[in-house]
Ligand code: HEM
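Residue numbers (this note's numbering): 9 to 462.
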């Protein structure tokens, strides 16, 4: 089978580059081979960064491409076999229909209030001249928010314990290339005791499972039809044969939402604080826009043009998800001049697409203004992927970013502790800043409580 060109180095060398420096590796390949190239990991993988080709692949009803889950088995140790991410075909379609509504429409109003309350609660403890680690603060906020949306659990002892165990499980080696390598090579996933990385992960996963199963069992014993959280909704749902979801299916879906829904948004927010404070003109314009708001009217915050542009530019310049999930060629197809055979695996490179100079002039510059002067197509700007596996938390994540940023910026004056450039690097299967982003609290801008309206 003739595949697009790509590096000829041994697969193990490519895998090590992929795990250690994925963005540099992709950039280097794009320089040498262009918009489409093949890399060799444990199998050949075609990466694409051409918007027309991305449109071809990601158009939801394209017959030539499927969005299978077999390559997503990388996520199985954490998410299980019944997660939206690890299922495909009809099961995937049904699960999406079930999980999409809670992240859209009316529900978003309730979440907006929760996001604002939790943000204010977290920053309440900040003192003038204190140094705060923005990433930890953002992780606390996003984890509490998603716990509230998924379980309706907030401040109970189980919520506090789950929050604690999930954050250590997600953090355990999350940033180390070794952990990523273990995910690519199942043979390395061996429990060699509680002091080894895989052994630690398994024990923490066990603790999380126990808490989730206890919560499910209690809900089954005391059903409450008034509850509107996502767990209640899933427990009430039945499949096409009228069967409700099993405990294991529920667990897999819950852990998927908890993990996909907090780490990603926390990273995006961390980058946003970095860029806003690294670029004084951006901070100034954003504050001017926020000062125009009398109270935190969530609808108004969601529509603020400059704030939206700042969030988009943050997700463009260093996208948290470097790639779309894999797509598989189902029928012979021509992509960027190459005839691809059925069975070829392709991934959209979000990172390379967002750094194309022909779409984004001075692509390495942080410039929210580009989103005010031009509209980009969903295949030029795709931080949440596209098509049948498009991120279901897209609207939720954007709302969360805007409310957290608006709340913090309105209440607290922050400054970067160092002006050093921060670069992205792999964090497990996604990316994030290569160092902690510490900020000092310079002062309080307004009364510590914001009046809100929906
Ligand atoms: C800034 C934050 C986020 C970013 C950058 C992000 C990015 C992505 C990307 C790139 C994909 C792959 C799409 C594709 O293959 O076409 C994805 C899928 C997914 N995301 Fe997100 N995401 C974010 C937040 C969230 C949140 C808040 C949730 C849940 C509450 C979530 C849940 C999911 C799920 C379940 C999938 C898999 C969808 C499927 O397989 O059908 N994400 N996300």
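All C-beta atoms in this analysis are idealised placements derived from N, C-alpha and C, irrespective of residue type, glycine included. Quantities reported herein were computed from a predicted structural model and do not represent experimental measurements.
Rounded to the nearest whole angstrom, the C-alpha separation of residue 12 and residue 19 is 16 angstroms. Looking at the backbone, the Cα of residue 399 and that of residue 166 are separated by about 28 angstroms.
Cβ contact annotation for residue 325 (same chain, cutoff 6 angstroms, sequence separation greater than five): 374, in chain order. Across the set 21, 64 and 60, the C-alpha of 64 shows the shortest separation from the C-alpha of residue 338. The beta carbons of residue 438 and residue 278 sit no closer together than 8 angstroms.
Taking the CA atoms as reference points, residue 25 sits about 46 angstroms from residue 251.
For residue 82, the CB contacts under 6 angstroms within the same chain, skipping 5 residues up- and downstream, are 191 in chain order. Distance check between residue 334 and each of 347, 354, 121 and 120 places 354 closest, using alpha-carbon atoms only. Closer than 7 angstroms to some heavy atom of the ligand HEM: that describes the Cβ of residue 154. When Cβ pairs closer than 8 angstroms are counted between the two stretches, the segment 86-97 is seen not to touch the segment 366-381, the count staying below three. In its chain, beyond the 5 residues on either side, 74, 76 and 353 have a beta carbon closer than 6 angstroms to the beta carbon of residue 336. With distances taken between CA atoms, residue 259 lies nearest to 222 out of 222, 416 and 449. 8 angstroms or more divides the Cβ of residue 62 from the Cβ of residue 329. Here the alpha carbon of residue 176 sits roughly 12 angstroms from the alpha carbon of residue 144.
For the 8 angstroms CB-CB criterion, residue 379 and residue 119 do not form a contact. For residue 389, the closest of 236, 127, 66 and 86 by C-alpha to C-alpha distance is 66. Residue 141 carries a strand assignment under DSSP once its states are collapsed to helix, strand and coil. Under the 10 Å beta carbon count, residue 37 is surrounded by 16 or more other beta carbons and is classified as buried. For residue 356, the enclosing beta strand (DSSP E) begins and ends at 353-356.
For residue 450, no alpha helix (DSSP H) encloses it; the enclosing beta strand (DSSP E) starts and ends at 446-452. The Cβ-Cβ distance between residue 153 and residue 126 falls below 8 angstroms. With a contact defined as Cβ atoms closer than 8 angstroms, residue 276 and residue 322 qualify at about 6 angstroms. Between residue 445 and residue 430, the CB-CB gap stays under 8 angstroms. A distance criterion of 7 angstroms places the beta-carbon of residue 269 in contact range of the ligand HEM, judged by its closest non-hydrogen atom. With contacts defined as CB atoms closer than 8 angstroms, residue 420 and residue 131 qualify as a contacting pair. Ranked by how close their Cα comes to the Cα of residue 393, the residues 442, 332, 452 and 406 have 332 in first place.
Separation of the CB atoms of residue 16 and residue 49 is rounded to 15 angstroms, and the pair is thereby denied contact status at 8 angstroms.
According to the DSSP assignment, residue 400 belongs to no alpha helix (DSSP H), since it is labelled neither H nor E.
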